[in-house]
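Visitor: A single structure is presented below for examination.
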Amino acid sequence: MKKFYRLFCRGEEVLSCTLFFMMVVLVMCSALARLVKHPISWSIDVAQLLLAWTCFLGADVAFRRNKLVGLDLFTRKLPEKVQKAVTLVIQVIMLGALVIFIVYGLRLSVESWKRSFQTLTISYSFVTLSLPVSSVLMSITALLKIKESVSQLVEAKK
464 MKKFYRLFCR
474 GEEVLSCTLF
484 FMMVVLVMCS
494 ALARLVKHPI
504 SWSIDVAQLL
514 LAWTCFLGAD
524 VAFRRNKLVG
534 LDLFTRKLPE
544 KVQKAVTLVI
554 QVIMLGALVI
564 FIVYGLRLSV
574 ESWKRSFQTL
584 TISYSFVTLS
594 LPVSSVLMSI
604 TALLKIKESV
614 SQLVEAKK
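Per the numbering used here, residue 464 is the first one in the sequence shown, and the count goes up by one each step.
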C-alpha cells in the first residue's frame with residue numbers, strides 16, 4: 464500500500480508540474496499571438512482551468528512536504544512535547560476545514576454544472592471540481608500526518 468501511495472504522490476507531482484508548464488506555455492503563446500494581432504480567444508479560459516488544478520494539486524504536494532507557509536514564532540519557544548501537541552491540534556483543525564471544502568466544493572461544482580466557459584464548450588465545474596478533489600487528497604495527507612503526530616506523542620510519553 465505504501466508503494467502505491469508513493470507512486471500516486473509522484474504522479475500527482477508530475478501532473479501538477481506538467482499542468483503548470485502547459486499554463487506558462489499557453490500564456491506565453493497567447494501573449495505572442497496578441498502581439499502579432501492574432502489573439503487566441505480560448506487561452507484565458509484554458510489558463511484559468513490549468514491554474515485552478517495546478518494550485519490545488521500543488522497545495523497537496525506542498526502540504527505533504529511540509530512546505531506550506533506557517534507561523535512558528537511562538538511554538539518554537541514551547542517545549543518539544545507541547546509543540547507536537549499543538550501540531551496535532553492544527554492538523555485536526557486543517558482536516559476539519561478540508562472536510563468543509565469537500566462538502567461545499569462539491570455543492571459548488573454541482574451548481575456550476577450548467578455554467579460553461581465563454582469560449583469553450585465544457586462546464587465550469589471542471590474548474591470548481593479542483594477544490595473538492597484536492598481537498599480529498601489533502602485529507603489523506605492530513606490523516607497520515609495525524610497518525611504520525613499521534614505516534615510521536617505516544618513515543619514522547621514513554
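Here a beta-carbon is modelled for each residue, glycine too, at the ideal position from N, C-alpha and C.
Less than 8 angstroms separating the beta-carbons of M601 and L561?
Guide: Yes. Within cutoff.
Visitor: Can at least three beta-carbon pairs, one atom from the segment 539-558 and one from the segment 605-616, be found at a separation below 8 angstroms?
Guide: Contact between the segment 539-558 and the segment 605-616 is present, because at least three Cβ pairs lie under 8 angstroms.
Visitor: Smallest Cα separation from S598: which of F537, F526, V545, T582?
Guide: Nearest C-alpha to S598: F526.
Visitor: What's the C-alpha gap between L495 and D508?
Guide: Distance between the alpha carbons of L495 and D508 is about 17 angstroms.
Visitor: Can you tell which of I609, I603, K608 has its C-alpha closest to the C-alpha of F471?
Guide: Residue I603 is the option with its Cα nearest to F471.
Visitor: Could you pull out every residue in the same chain whose Cβ sits closer than 8 angstroms to the Cβ of V488, ignoring the five residues on either side in sequence?
Guide: Taken in chain order, the list of residues that qualify is empty.
Visitor: Is it a yes or a no for the segment 585-593 touching the segment 560-575, going by three-plus beta-carbon pairs under 8 angstroms?
Guide: Yes, the segment 585-593 is in contact with the segment 560-575.
Visitor: Would you tell me roughly how many angstroms separate the C-alpha atoms of L607 and K530, rounded to the nearest one?
Guide: Looking at the two C-alpha atoms, the distance is approximately 16 angstroms.
Visitor: Pull up the CB-CB distance for T591 and G568, whole angstroms please, since I reckon it's below 8 angstroms.
Guide: Contact holds; Cβ gap of about 7 angstroms.
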